[in-house]
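**Q** Structure below; questions to follow.
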Amino acid sequence: MNRTAGLNADLLKAALTGLTGPDKSMDPKWFYDRAGSALFERITRLPEYYPTRTETAILTAGIARIAAHVPKGSALVELGSGASVKTRILLDGLHDLAAYLPVDVSESFLRQVAADLDRAYPALPVVPIIADFMAPLRLPAAYADHPKVGFFPGSTIGNLEPDRARALLASVRQWPGIAAFIVGIDLVKDVETLVQAYDDAAGVTAAFNRNLLVRLNREAGARFDPDTFDHEARWNPDLARMEMHLVSRVEQGVAIGPGMARFAAGESIHTESSHKYTRDSFDDLARAAGWRRDTFLSDAQDHFAVTVLLPG
Ligand SMILES: C[S@@+](CC[C@H](N)C(=O)[O-])C[C@H]1O[C@@H](n2cnc3c(N)ncnc32)[C@H](O)[C@@H]1O
């Protein structure tokens with residue numbers, strides 16, 4: 002973490018850029034401090050949050066078809082690995098992996114998860130990489146000559162605007178030795194199911210969203226009162242995406258380090274988008290980034306899909 006005077010300088014800069022103008026937004030990567038990562042894990046177990054259990058079932062049923070695209074001696078590189086729970090389906094089902102390289106911004110959470118995996122898979126080198134997956138990725142030199150297989154589950158790709166999603170897909174396509182990219186995508190579906198998944202009855206997603214303000218107070222010298230912001234989940238039909246917002250209940254000014262964010266009552270911070278795909282819209286995106294979509298595994302309700310992309 003880049004620290005100046007005890008503050009997280011990168012987060013402070015992002016907050017001053019994202020929150021002091023008229024259209025307020027933050028990159029969702031800032032959700033994931035240790036508390037945010039733990040809250041996300043709770044979200045994955047909520048009854049309303051269909052993506053995790055659906056993707057888990059698809060991976061479990063489809064592991065043999067996925068394994069067919071993974072060369073012997075591959076390094077498995079997971080982007081936004083989080084708790085690496087679903088990864089275990091791959092680690093159990095793929096034989097002869099050279100290493101597992103989880104990439105995440107949530108530093109202490111990633112170190113803990115890597116230590117747990119080390120104990121569970123003593124024969125497999127687990128090398129955590131603390132990095133922003135949007136930046137050029139430096140993979141350990143020890144695996145330079147190994148085939149690489151990318152893994153990007155959890156519909157994290159949906160958090161990226163389409164041009165950034167294309168850029169990310171294109172940059173993975175350039176990894177030396179890239180053999181396949183396994184990507185989990187959330188599919189367009191009825192609005193009620195979507196809204197409930199992002200606004201659960203127990204309020205865990207609301208706590209996850211508000212935790213961003215708690216983090217800004219702790220790490221960026223901000224003075225938010227999180228209780229003055231409502232969590233809102235909205236479907237945006239024009240852009241086929243769910244959006245999460247934090248909506249100020251009152252007119253207020255909030256100090257952020259040396260700056261000031263001014264809110265009208267009802268004004269929001271757009272904290273996350275989650276783009277939903279169709280088979281065709283994702284195929285188009287993958288093709289534009291130099292991939293050929295080979296495998297498309299989905300559930301009976303077509304709620305979620307796991308795809309295998311091959312160099313096109
Ligand atoms: C939606 S969660 C998915 C977690 C896990 N892969 C799953 O499928 O349950 C997104 C994960 O990506 C990480 N993340 C988000 N933005 C990132 C970025 N720009 N660079 C690296 N990691 C990021 C978060 O810390 C979090 O662990």
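Okay, so the sequence shown: first residue is 2 according to my numbering, each after it adds one. We put the beta carbon where it would ideally sit given N, CA and C, even for glycine.
1. Looking at C-alpha atoms only, which residue of 140, 179, 160 is the closest neighbour of residue 186?
2. Counting Cβ pairs, one atom from each stretch, are 3 or more of them under 8 Å apart for the stretch 61-78 and the stretch 33-42?
3. Can you tell me whether residue 279 sits near ligand 3, meaning its C-beta is under 6 Å from at least one heavy atom of the ligand?
4. Let's see if you can read the secondary structure: which residues bound the beta strand (DSSP E) around residue 296?
5. Between the C-alpha atoms of residue 334 and residue 208, what's the straight-line distance to the nearest angstrom?
6. Could you tell me if residue 123 is buried or exposed, where buried requires 16 or more neighbouring beta carbons within 10 angstroms of its beta carbon?
7. Less than 7 Å between the beta carbons of residue 245 and residue 195, yes or no?
8. DSSP three-state label for residue 1, please.
9. Starting from residue 248, follow its DSSP beta bridges and name the residues at the other end.
10. Hey, is residue 163's beta-carbon within less than 7 Å of any beta-carbon in chain C?
11. Pop quiz: residue 94 and residue 147 are said to be a contact at Cβ under 8 Å. What is the actual Cβ separation, rounded to whole angstroms?
12. Return the chain-ordered list of same chain residues with a C-beta closer than 6 Å to the C-beta of residue 57, the five sequence neighbours on each side being excluded.
13. What did DSSP end up calling residue 189 once you bin it into helix, strand or coil?
14. Tell me whether the stretch 16-25 and the stretch 97-109 touch, counting them as touching only if at least three CB pairs, one residue from each stretch, are closer than 8 Å.
15. So is residue 63 buried or exposed if we call it buried at 16+ other beta carbons inside 10 Å?
16. Relative to the C-alpha of residue 282, which candidate in 274, 265, 267, 306 has its C-alpha closest?
17. In terms of alpha-carbon separation, which member of 132, 133, 85, 102 lies closest to residue 114?
18. Considering only residues of the same chain and omitting the five flanking positions on each side of residue 290, which have a CB-CB separation below 7 Å?
19. In this structure, does DSSP put residue 80 in helix, strand or coil?
20. Can you list, in chain order, the stretches of the alpha helix (DSSP H) that have 4 or more residues and sit fully within the stretch 99-155?
21. Looking at C-beta atoms only, is the number of pairs between the stretch 251-263 and the stretch 285-302 that lie closer than 8 Å three or more?
22. If I'm right that residue 138 touches residue 145 with Cβ under 8 Å, what's the distance once you round it to whole angstroms?
23. In or out: residue 65 buried (at least 16 other Cβ within 10 Å) or exposed?
24. Which one or two residues does DSSP pair with residue 26 in a beta bridge?
25. Pick out whichever of 33, 295, 217, 183 has its Cα sitting closest to the Cα of residue 60.
26. Between which two residues does the beta strand (DSSP E) containing residue 21 stretch?
27. Are there 16 or more other CB atoms within 10 angstroms of the CB of residue 266, so buried, or fewer, so exposed?
28. Report the rounded CA-to-CA distance for residue 221 versus residue 54, giving the unit in angstroms.
29. Going by CA-CA distance only, name the one from 298, 121, 107 that's closest to residue 92.
30. Per the DSSP calculation, residue 351 is bridged to which residue(s)?
31. Per DSSP, what kind of secondary structure is residue 51 in: helix, strand or coil?
32. Please state whether DSSP places residue 161 in a helix, a strand or coil.
33. DSSP three-state label for residue 195, please.
34. Is residue 172 near ligand 1, with its Cβ less than 6 Å from a heavy atom?
**A** So, to answer that:
1. Translated into the one-based positions of the sequence shown, residue 186 becomes position 185. For the residues 140, 179, 160, the minimum Cα distance to residue 186 belongs to 160.
2. no
3. Among the ligands modelled here, namely ligand 1, ligand 3 does not occur.
4. Position 295 of the sequence shown, counting from 1, holds the residue named residue 296. 292-299 is the extent of the beta strand (DSSP E) around residue 296.
5. The first residue shown for the chain is 2 and the last is 313, placing residue 334 beyond what the model contains.
6. What you label residue 123 is simply residue 122 of the sequence shown in a count that begins at 1. Label assigned to residue 123: exposed.
7. By 1-based counting over the sequence shown, the position of residue 245 is 244. By 1-based counting over the sequence shown, the position of residue 195 is 194. In this structure, residue 195 does not lie closer than 7 Å to residue 245 by Cβ.
8. Because the chain is modelled from 2 through 313, residue 1 falls outside the range shown and cannot be assessed.
9. The count along the sequence shown starts at 1 and reaches residue 248 at position 247. Bridge partners of residue 248: 231, 269.
10. Any reference to chain C falls outside this structure, which holds one protein chain only.
11. Here residue 94 refers to the residue found at position 93 when the sequence shown is read from its first residue. Here residue 147 refers to the residue found at position 146 when the sequence shown is read from its first residue. No, residue 94 and residue 147 are not in contact; Cβ-Cβ is about 19 Å, not under 8 Å.
12. As a first step, residue 57 must be located in the sequence shown, where it is residue number 56. Contacts found: 87.
13. Within the sequence shown, numbered from 1, the residue matching residue 189 stands at position 188. Residue state, collapsed to three classes: coil.
14. no
15. Within the sequence shown, numbered from 1, the residue matching residue 63 stands at position 62. It counts as buried.
16. In the sequence shown, the residue the question calls residue 282 occupies position 281. Selected option, being the one with the closest Cα: 306.
17. Locating residue 114 in the sequence shown gives position 113, where the first residue counts as 1. Ranking 132, 133, 85, 102 by Cα distance to residue 114 puts 85 first.
18. Sequence index remark: in the sequence shown, residue 290 carries index 289 (1-based). Around residue 290: 167, 170, 171, 174.
19. Taking the sequence shown and counting its residues from 1, one reaches residue 80 at position 79. DSSP places residue 80 in strand when its eight states are reduced to three.
20. 108-121
21. no
22. Locating residue 138 in the sequence shown gives position 137, where the first residue counts as 1. Locating residue 145 in the sequence shown gives position 144, where the first residue counts as 1. 13 Å between Cβ atoms; not a contact.
23. Counted from its first residue, the sequence shown places residue 65 at position 64. That one is exposed.
24. Translated into positions along the sequence shown, residue 26 becomes position 25. For residue 26, which the question treats as bridged, DSSP gives the partners 271.
25. Mapped onto the sequence shown, residue 60 falls at position 59. Here the closest residue by C-alpha is 183.
26. Residue mapping note: residue 21 aligns to position 20 of the sequence shown, counting from 1. Neither: residue 21 is in no beta strand (DSSP E) and is coded neither H nor E.
27. Residue numbering aside, residue 266 sits at position 265 when the sequence shown is read from its first letter. Label assigned to residue 266: exposed.
28. The count along the sequence shown starts at 1 and reaches residue 221 at position 220. The count along the sequence shown starts at 1 and reaches residue 54 at position 53. Those two C-alpha atoms are separated by around 35 Å.
29. Translated into the one-based positions of the sequence shown, residue 92 becomes position 91. Ranking the options by Cα distance to residue 92, first place goes to 121.
30. Examination of residue 351 is not possible in this model, given that the chain is present from 2 through 313 alone.
31. Locating residue 51 in the sequence shown gives position 50, counting from the first residue. Correct three-state label for residue 51: helix.
32. Translated into positions along the sequence shown, residue 161 becomes position 160. Three-state DSSP puts residue 161 in coil, outside helix and strand.
33. On the sequence shown, residue 195 is found 194 positions in, with the first residue counted as 1. If DSSP states are grouped into helix, strand and coil, residue 195 belongs with the helices.
34. Here residue 172 corresponds to residue number 171 of the sequence shown, with the count starting at 1. It does not: the Cβ of residue 172 is nowhere closer than 6 Å to a heavy atom of ligand 1.
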